[in-house]
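Residue numbers for the sequence shown follow numbering that gives the first Met the number 0, beginning at 0 and rising by one. Even for Gly, the Cβ is constructed at its ideal location relative to N, Cα and C. Following: one structure in structure tokens, then a few remarks.
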Amino acid sequence: MINKENKPQIPSGEKMLDIPEGLWTKCPGCNRFLYTKELELNQSVCQYCQHHFPIKATERIGYIADRDSFIEHDQNLYSIDILGFDGEKSYQERLDYYRNKTALNEAVVCGSCTLGSIPISLCVMDFSFLGGSMGSVVGEKITRAIERSLSSKLPLIIICASGGARMYEGMFSLMQMAKTAAALHRLSQARIPYISILTNPTMAGVIASFASLGDIILAEPKAMIGFAGSRVIKETTQQDLPPGFQTAEFLLEKGLIDKIVHRKELRSTLKQLLYFLK
Numbered sequence: 000m001i002n003k004e005n006k007p008q009i010p011s012g013e014k015m016l017d018i019p020e021g022l023w024t025k026c027p028g029c030n031r032f033l034y035t036k037e038l039e040l041n042q043s044v045c046q047y048c049q050h051h052f053p054i055k056a057t058e059r060i061g062y063i064a065d066r067d068s069f070i071e072h073d074q075n076l077y078s079i080d081i082l083g084f085d086g087e088k089s090y091q092e093r094l095d096y097y098r099n100k101t102a103l104n105e106a107v108v109c110g111s112c113t114l115g116s117i118p119i120s121l122c123v124m125d126f127s128f129l130g131g132s133m134g135s136v137v138g139e140k141i142t143r144a145i146e147r148s149l150s151s152k153l154p155l156i157i158i159c160a161s162g163g164a165r166m167y168e169g170m171f172s173l174m175q176m177a178k179t180a181a182a183l184h185r186l187s188q189a190r191i192p193y194i195s196i197l198t199n200p201t202m203a204g205v206i207a208s209f210a211s212l213g214d215i216i217l218a219e220p221k222a223m224i225g226f227a228g229s230r231v232i233k234e235t236t237q238q239d240l241p242p243g244f245q246t247a248e249f250l251l252e253k254g255l256i257d258k259i260v261h262r263k264e265l266r267s268t269l270k271q272l273l274y275f276l277k
């Protein structure tokens, strides 16, 4: 039984049912309860308010790439605790935890595939691995993907989801901003197209480097995009900030991004762009 608020309820007088965990998912956009399997079949987009739930890198690849065409590269690159980070938990402990939790080696999956039969180089970040943070291995994998695009003359697509640079690696993480930007400059000089896709969230060192350097920049609806949190910006500038200034819709209005694309329309939109750019 479902009540008026779309919330599962046990009928009056009946025994408590053993409802499996994860059967229902509450939408943070409209507060409705969604049947999880139906939500997954809808590419993790709420059928009522179109809220885009976060999804794994492997799921995004499945929605974008032609079937059975994706070949992963550099999957054996691993981060190490080069600074000997000392905190409540060591950096190595955190890496081990997220590798077990996500079944990923790092916060980005890079490879080659076809999209509408057009060969491309594809990178997909995964926020569930340490907040999609960019450490030295993430920067290296993305740089290698850019260089593969350059050597093979393949269009490059990067799907971004990140909280920014990985501070467990200090300056080594910040150096990845310059490294990826330099590689993209060489790609641009060779006139090879690069499409950047911003998802929720894309922040800090990632938006300040490769995420904002696309020839075409797309974003998912209502994605949070910015360099720093609103509180930090307000305290630094001592100014009131416009409402929604870190949303994809606000940035589209100001010209930072080119188009907001619904997740279910992303593949067809990318196919059109690739055919136009080839």
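- Leaving aside the five residues that flank residue 53 on each side, the residues in its chain whose CB is nearer than 6 Å to its CB run, in chain order, 126.
- In the three-state scheme derived from DSSP, where H, G and I count as helix and E and B as strand, residue 199 is classed as strand.
- Pairing residue 182 with residue 209, the inter-Cα distance amounts to about 9 Å.
- Following the DSSP letters along the chain, one finds residue 110 in no alpha helix (DSSP H) but inside the beta strand (DSSP E) bounded by residues 107-114.
- With a 10 Å radius around the Cβ and a threshold of 16 neighbouring Cβ atoms, residue 168 comes out buried.
- For residue 123, no alpha helix (DSSP H) segment is defined; the enclosing uninterrupted segment is the beta strand (DSSP E) at 117-124.
- Residue burial annotation: residue 120 is buried, with at least 16 other C-beta atoms found within 10 angstroms of its C-beta.
- Straight across, the Cα-Cα distance linking residue 51 with residue 260 is about 11 Å.
- The way I'd put it, the region 135-155 does touch the region 104-111; three or more beta-carbon pairs between them come closer than 8 Å.
- Within the region 197-273, complete beta strand (DSSP E) segments of at least 3 residues are found at 215-218, given in chain order.
- Residue 194 is bridged by DSSP to 156 and 215.
- A Cβ-Cβ distance of about 5 Å is found for the pair residue 138 and residue 178, placing them in contact under the 8 Å criterion.
- Pairing residue 270 with residue 115 gives a Cβ-Cβ distance under 8 Å.
- Taking the Cβ atoms as the reference, residue 78 lies roughly 6 Å from residue 94, within the contact range of under 8 Å.
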